[in-house]
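One structure is given here, and the rest of the page talks about it.
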């Protein structure tokens, strides 16, 4: 009998520990999770931070294999190196310290070592088969060193499939880490420009999930276990998104201008986790769907430039807000209030356009390039970018209004130059 239960949202969260210098306790956490021999994945740029973790593991008599071959933007080949390492040894747990790339790589290593399969088996449709994960994974402790992806709280891992020239990922609730260790001290050495890229990703996560389609508009899955992690906007995810937007508004530019600002660092890494809890259950939509071809098609236009994820996402955000200005108008007004604007004289139907202006001003404040044309894209590239956007099916279905090919083409056209 077919499942007919719709109008459902889920709120699945990761246990979270927060505090300055908390990384010193990771050995205790690993022992509590019965880890005895772990794969420790560390961004090669944060080995000093990883040393704090290894010391803590040694104090608990936990052995480890240190894996540092992490790509800044993970590919199927870089994932495979981690998977091979995980399959070669019998690890009973995983620990990842680094940015979202490291955390996502750890998720993949855990999955494919526990349930080996063809690489595309678990990759999202239409690029892969989106095969459900068969069962539980080994425990994973996630320790972020950037305030951006929120991967420490989400069920998502993102990867670039090189031969297909496409960026995609895996999305399944069993990918969520077992524990998130949020230590603001780990972000103090993060450069200002990296803070900007990561913070814009947090902003986009919160804004997109807050404005995604409502959970009551979702059709019932064929079977309950096929219900996707992205439920649509809902009352609980909205709370997390509002809190994340406020923190980004208050602290992102501060962290960019003064990387050693401890208060800003603390608030932004909390914002990252807050947004992860929001979008990890509600879902993101058009700007994130655009970001994958924006980052993935650079080689096709003859550029060796690597576009950071947060930058790729924010390029389409302003035009997207203008596109959805005729829906969710009350929510748009709420966003403006959070962003510090007096909305007394703002018409509801104009609110999203003011948000778009805020986004453009934020991009300028963070000294990012002026749109897609500034990184090499031209109007002639829009058809390929549009095609790549619609390949992100799980994201495009989150749009709060119906989207056509011409709609996306227009959004790309407006995103070529932002001011």
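Residue numbers (the working numbering): 1209 to 1627.
Glycine included, every Cβ here is placed at the ideal spot set by N, Cα and C.
Considering only residues of the stretch 1509-1534, which uninterrupted alpha helix (DSSP H) runs meet the minimum length of 4 residues and lie entirely inside it, listed in chain order?
1517-1523, 1525-1531
Under 7 Å Cβ to Cβ from residue 1425, same chain only, skipping five residues before and after it: list those, please.
In the chain shown, the residue the question calls residue 1425 occupies position 217. Result list for residue 1425: 1440, in chain order.
Status (buried if at least 16 other CB within 10 Å, exposed otherwise) for residue 1287
The residue you call residue 1287 lines up with position 79 of the chain shown. That one is buried.
Contact check, residue 1388 vs residue 1222, beta carbons under 8 Å:
Along the chain shown, one-based indexing puts residue 1388 at 180. Along the chain shown, one-based indexing puts residue 1222 at 14. Yes, the Cβ-Cβ distance between residue 1388 and residue 1222 is below 8 Å.
Residue-chain proximity (residue 1352, chain B), Cβ-Cβ < 8 Å:
Among the chains of the structure shown, chain B does not appear; only one protein chain is present.
Could you pull out every residue in the same chain whose Cβ sits closer than 6 Å to the Cβ of residue 1252, ignoring the five residues on either side in sequence?
Numbered from 1 along the chain shown, position 44 holds the residue referred to as residue 1252. Hits under 6 Å: 1276.
Cβ neighbours of residue 1324 in the same chain (closer than 8 Å, five flanking residues each side left out):
Stepping through the chain shown from its first residue, residue 1324 is reached at position 116. If we look at residue 1324 and ignore the five residues flanking it on each side, its Cβ neighbours are 1295.
DSSP three-state assignment for residue 1367, whether helix, strand or coil
Taking the chain shown and counting its residues from 1, one reaches residue 1367 at position 159. In this structure, residue 1367 counts as strand in the three-state DSSP scheme.
Residues bridged to residue 1389 [DSSP beta-bridge criterion]:
The count along the chain shown starts at 1 and reaches residue 1389 at position 181. In DSSP, residue 1389 forms a bridge with 1225.
What would DSSP say about residue 1280, mapped onto helix, strand or coil?
Taking the chain shown and counting its residues from 1, the one referred to as residue 1280 is at position 72. In the structure shown, residue 1280 sits in coil (DSSP, three-state: anything other than H, G, I, E or B).
Based on the DSSP secondary-structure assignment, which residues constitute the bridge partners of residue 1217?
Stepping through the chain shown from its first residue, residue 1217 is reached at position 9. Partner(s): none; residue 1217 has no beta bridge.
Given 8 Å, three or more beta-carbon pairs between the stretch 1433-1448 and the stretch 1374-1385:
yes
Could you name the residues that DSSP lists as bridge partners for residue 1422?
By 1-based counting over the chain shown, the position of residue 1422 is 214. Answer is 1441.
One question on the structure: do residue 1454 and residue 1543 come within less than 8 Å of each other, judged by their Cβ atoms?
Position 246 of the chain shown, counted from the first residue, corresponds to residue 1454. Position 335 of the chain shown, counted from the first residue, corresponds to residue 1543. No, Cβ-Cβ distance for residue 1454 and residue 1543 is not below 8 Å.
Relative to the C-alpha of residue 1306, which candidate in 1529, 1299, 1300, 1315 has its C-alpha closest?
If you number the chain shown from 1, residue 1306 lands on position 98. Of the candidates 1529, 1299, 1300, 1315, the one whose C-alpha sits nearest the C-alpha of residue 1306 is 1315.
Residue 1512 versus residue 1583 - alpha carbon distance:
Taking the first residue of the chain shown as 1, we reach residue 1512 at position 304. Taking the first residue of the chain shown as 1, we reach residue 1583 at position 375. Straight-line Cα distance between these residues: approximately 10 Å.
Considering only their Cβ atoms, is the gap separating residue 1390 from residue 1524 smaller than 8 Å?
Residue mapping note: residue 1524 aligns to position 316 of the chain shown, counting from 1. Residue mapping note: residue 1390 aligns to position 182 of the chain shown, counting from 1. Against a cut-off of 8 Å, the Cβ pair of residue 1390 and residue 1524 comes out as no contact.
What residue range is occupied by the uninterrupted beta strand (DSSP E) comprising residue 1574?
Taking the chain shown and counting its residues from 1, the one referred to as residue 1574 is at position 366. First-last for residue 1574: undefined, no H or E at that position.
Round the Cβ separation of residue 1304 and residue 1348 to the nearest angstrom and send it over; I've been treating them as touching at under 8 Å.
As a working mapping, residue 1304 is identified with position 96 in the chain shown. As a working mapping, residue 1348 is identified with position 140 in the chain shown. Sure, about 7 Å apart at Cβ, within 8 Å.
Name, in chain order, the residues that DSSP records as bridge partners for residue 1301.
Stepping through the chain shown from its first residue, residue 1301 is reached at position 93. Per DSSP, 1246.
Between the Cα of residue 1494 and those of 1579, 1330, 1420, 1272, spot the shortest distance and give me the residue it belongs to.
The residue you call residue 1494 lines up with position 286 of the chain shown. The residue with the shortest Cα to Cα distance from residue 1494 is 1420.
Can you grab the Cα-Cα spacing for the pair residue 1475 / residue 1249, in whole Å?
To locate residue 1475, count along the chain shown from 1; it is residue 267. To locate residue 1249, count along the chain shown from 1; it is residue 41. The straight-line gap from Cα to Cα measures roughly 25 Å.
For residue 1541, I'd like the list of residues in its chain whose CB is within less than 8 Å of its CB, leaving aside the five on either flank, ordered along the chain.
Taking the first residue of the chain shown as position 1, residue 1541 is located at position 333. Closer than 8 Å at Cβ, skipping near neighbours: 1551, 1554, 1556, 1559.
Below 8 Å, can you find three or more Cβ-Cβ pairs linking the stretch 1479-1499 to the stretch 1586-1605?
yes
Just to confirm before moving on: does the CB-CB distance between residue 1487 and residue 1615 stay below 8 Å?
For the purposes of this step, residue 1487 is identified with residue 279 of the chain shown, where counting begins at 1. For the purposes of this step, residue 1615 is identified with residue 407 of the chain shown, where counting begins at 1. Result no, Cβ atoms of residue 1487 and residue 1615 do not sit closer than 8 Å.
Quick one: grab the DSSP three-state call for residue 1491.
Locating residue 1491 in the chain shown gives position 283, where the first residue counts as 1. Three-state DSSP puts residue 1491 in coil, outside helix and strand.
Spatial neighbours of residue 1342 within its chain, please: C-beta separation below 7 Å, excluding the five flanking residues on both sides.
Along the chain shown, one-based indexing puts residue 1342 at 134. Excluding residues within five positions, the ones whose Cβ falls inside 7 Å are 1323.
What three-state label does DSSP hand residue 1374 in the structure shown?
Within the chain shown, numbered from 1, the residue matching residue 1374 stands at position 166. If DSSP states are grouped into helix, strand and coil, residue 1374 belongs with the strands.
Exposure label - residue 1282; buried when at least 16 CB within 10 Å:
Taking the chain shown and counting its residues from 1, one reaches residue 1282 at position 74. Classification for residue 1282: buried.
For residue 1489, does the count of other Cβ atoms within 10 angstroms reach 16, so buried, or fall short, so exposed?
Counting from 1 along the chain shown, the entry for residue 1489 is found at position 281. Burial call: buried.
Determine, using beta carbons only, whether residue 1246 and residue 1301 come nearer to each other than 8 Å.
For this step, residue 1246 is matched to residue 38 along the chain shown. For this step, residue 1301 is matched to residue 93 along the chain shown. Yes; because the gap between Cβ atoms is below 8 Å, this pair is in contact.
Indicate whether residue 1393 and residue 1377 have their beta-carbon atoms separated by less than 8 Å.
As a working note, residue 1393 is residue 185 in the chain shown. As a working note, residue 1377 is residue 169 in the chain shown. Taking 8 Å as the Cβ cut-off, residue 1393 and residue 1377 do not qualify as a contacting pair.
Pair within 8 Å by beta-carbon distance, residue 1312 and residue 1363:
In the chain shown, the residue the question calls residue 1312 occupies position 104. In the chain shown, the residue the question calls residue 1363 occupies position 155. Not in contact: residue 1312 and residue 1363 (Cβ atoms no closer than 8 Å).
Bridge partner(s) assigned by DSSP for residue 1379
Locating residue 1379 in the chain shown gives position 171, where the first residue counts as 1. Partner(s): 1364.
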